[in-house]
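These protein sequence lines map, in sequence, to chains A and B. So the number in the numbering used here is just where the residue sits in the first sequence, counting from 1, plus 2. So the number in the numbering used here is just where the residue sits in the second sequence, counting from 1, plus 2. Please read the structure below before turning to the comments.
Number of protein chains: 2
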Amino acid sequence: MKNKGLLVVISGPAGAGKGTVVTELVKDGNVEVSISATTRAPRGQEKDGVEYHFLSREQFQDMIENDGFLEYAQYCGNYYGSPKKQAEEWMHQGKDVILEIEVQGCEKIKQQSPDCISIFIMPPSMEILEHRLRKRATDSEESILHRLARAKEEIRLAENYDYIIVNGPIEECVADVKSVLNAEKLKANRFDVKEILG
Amino acid sequence: MKNKGLLVVISGPAGAGKGTVVTELVKDGNVEVSISATTRAPRGQEKDGVEYHFLSREQFQDMIENDGFLEYAQYCGNYYGSPKKQAEEWMHQGKDVILEIEVQGCEKIKQQSPDCISIFIMPPSMEILEHRLRKRATDSEESILHRLARAKEEIRLAENYDYIIVNGPIEECVADVKSVLNAEKLKANRFDVKEILG
Chain A
3 MKNKGLLVVI SGPAGAGKGT VVTELVKDGN VEVSISATTR APRGQEKDGV
53 EYHFLSREQF QDMIENDGFL EYAQYCGNYY GSPKKQAEEW MHQGKDVILE
103 IEVQGCEKIK QQSPDCISIF IMPPSMEILE HRLRKRATDS EESILHRLAR
153 AKEEIRLAEN YDYIIVNGPI EECVADVKSV LNAEKLKANR FDVKEILG
Chain B
3 MKNKGLLVVI SGPAGAGKGT VVTELVKDGN VEVSISATTR APRGQEKDGV
53 EYHFLSREQF QDMIENDGFL EYAQYCGNYY GSPKKQAEEW MHQGKDVILE
103 IEVQGCEKIK QQSPDCISIF IMPPSMEILE HRLRKRATDS EESILHRLAR
153 AKEEIRLAEN YDYIIVNGPI EECVADVKSV LNAEKLKANR FDVKEILG
């Protein structure tokens, strides 16, 4: 039996509830969340190793040269990436590793880690998504409309994912993600029939 | 959302416990078991439409000509097949349809119904399989050795299935099969993003 943990990409528009789903998954103890590295400066209360690993440009570029990222990208002049070493250690311990990644990053991960599985967390409807975004009440009208337009673009790309899971009632959504992780571990290519045949 | 039920091939060696697993799955109400058709004569208490649909050779051949089978084969001069019509009606009702099929029949089903999913029910070990076969106590030593040899051949082909599920504790095995059925329904290709985007 190949007991290695799974590399799990989770994406979805802002307001779909990815964060809550991931928090629930981690409670089970067999799921870890990859902490991204970035060259942007910490904001407010952000702590190194909690929200991000904050790196200098040189440190980040050294890691790129040493094949230290599962994927990385530049946004607004800063680097963002998913460190490879910690994720691989967790997987070798049999833990599933979640990468919360922008829709645009999913293709890259699939190229570099074809065994990864990708899950798109989908809002039940655009109306509910809008309602959730407005409830936060921290964003301007302009920002909300921008997020909704962006959500539509992201949803159009959801078909590139392996699984699409609607986040209506959170418990159902979490149970569905757990089903997927369990089922993926039952795939025949993870099983060594020689262990049975001797 | 494409709510069609799944076509699920379940195979595994005699003594692996397929029958018990299938009985448990059916209890949920959303799973039906395809009843095979055969040209062999009923044995003992067997009733038409329960163990098998008993057909004449002409009836069976008519059904072949009218594309009436998901798969069929001949063993020992008799035809055996999985009728298509009832299975498709159930699937259109959103029910999952189980075909309990010999390992040799799985390839055929996959060719004709590429969307089907295939699950191999695996004994935890050859020792446990032997123990289970001997417990039945209805078979001769020769028959038990024959079944064990055949089981090894079948297990060698398990890698051709989509999923391999070990049947240790029956509740775990049934829960694993349910995970697989649930996860398969969350596959992105069954989701219509237009329903969200409007």
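Even for Gly, the Cβ is constructed at its ideal location relative to N, Cα and C. A quick note: this is a predicted structure, and the numbers were derived from the prediction, not measured.
Option in the options with minimal Cα separation from residue i
i               : options                       : result
D64 of chain B  : B:A39, B:N32, B:E34           : B:A39
E34 of chain A  : A:E129, A:Q88, A:E67          : A:Q88
V168 of chain A : A:N5, A:V179, A:D50, A:S120   : A:V179
S36 of chain A  : A:K97, A:N184, A:E174         : A:K97
K187 of chain A : A:I123, A:R45, A:A151, A:D117 : A:D117
P44 of chain B  : B:G21, B:N80, B:I130          : B:N80
Y54 of chain A  : A:P85, A:N68, A:E60, A:V24    : A:P85
I100 of chain B : B:V195, B:E155, B:L8          : B:L8
R59 of chain A  : A:K49, A:F71, A:R42, A:E48    : A:R42
I172 of chain B : B:Y74, B:V10, B:L27, B:A16    : B:L27
I2 of chain B   : A:I198, A:F71, A:G51          : The displayed coordinates of chain B run from 3 to 200. Any statement about residue 2 of chain B would go beyond what the structure contains.
V138 of chain A : A:A18, A:F122, A:D30, A:N5    : Correcting the residue identity first, residue 138 of chain A is Arg in this sequence and not Val. Closest option to R138 of chain A, Cα to Cα, is A:A18.
G31 of chain A  : A:W92, A:E73, A:A190          : A:W92
K20 of chain A  : A:E132, A:G70, A:M124, A:D69  : A:M124
G107 of chain B : B:Q61, B:E156, B:H148         : B:E156
M128 of chain B : A:R136, A:F71, A:E132, A:V195 : A:V195
Residue i - DSSP class collapsed to helix/strand/coil
i               : result
F71 of chain B  : strand
I103 of chain A : coil
E90 of chain B  : helix
V28 of chain B  : helix
S181 of chain A : helix
T40 of chain B  : strand
G19 of chain B  : coil
M3 of chain B   : Per-residue confidence for M3 of chain B stands at a pLDDT of 48, beneath the threshold of 50, marking its modelled position as unreliable; the derived number appears in the next sentence. In this structure, M3 of chain B counts as coil in the three-state DSSP scheme.
K189 of chain B : strand
Q61 of chain B  : helix
G200 of chain A : coil
Q95 of chain B  : coil
Beta carbon proximity, residue i to chain A, threshold 9 Å
i               : result
I198 of chain B : yes
I172 of chain B : no
L188 of chain B : yes
D178 of chain B : yes
R136 of chain B : no
N32 of chain B  : no
S181 of chain B : yes
A185 of chain B : yes
S13 of chain B  : no
E132 of chain B : no
Below-9 Å beta-carbon distance, residue i vs any chain B residue
i               : result
I166 of chain A : yes
N169 of chain A : no
E102 of chain A : no
A39 of chain A  : no
L122 of chain A : The sequence shown places Phe at residue 122 of chain A, not Leu. Output row for F122 of chain A: interface = yes.
K29 of chain A  : no
I157 of chain A : yes
K154 of chain A : yes
V99 of chain A  : no
P116 of chain A : no
E26 of chain A  : no
N5 of chain A   : no
E53 of chain A  : no
V195 of chain A : yes
S127 of chain A : yes
N-terminal and C-terminal residue of the beta strand (DSSP E) that residue i is part of
i               : result
E34 of chain B  : 33-35
V11 of chain B  : 9-13
G46 of chain A  : Where G46 of chain A is concerned, there is no enclosing beta strand (DSSP E), given that its DSSP letter is neither H nor E.
S120 of chain B : 119-124
V168 of chain B : 165-168
P85 of chain A  : 80-85
Where the alpha helix (DSSP H) containing residue i begins and where it ends
i               : result
S145 of chain A : 143-158
L135 of chain B : 128-138
Nearest-angstrom Cβ-Cβ length linking residue i and residue j, presumed shorter than 8 Å
i               : j               : result
S120 of chain A : Y163 of chain A : 4 Å
I111 of chain B : V11 of chain B  : 5 Å
P15 of chain B  : A153 of chain B : 3 Å
L159 of chain A : V105 of chain A : 5 Å
Distance cut-off 8 Å: residue i Cβ against heavy atoms of the ligand NAP
i              : result
V52 of chain A : In the structure shown, the ligand NAP is absent, as is every other ligand, since no ligand is present at all.
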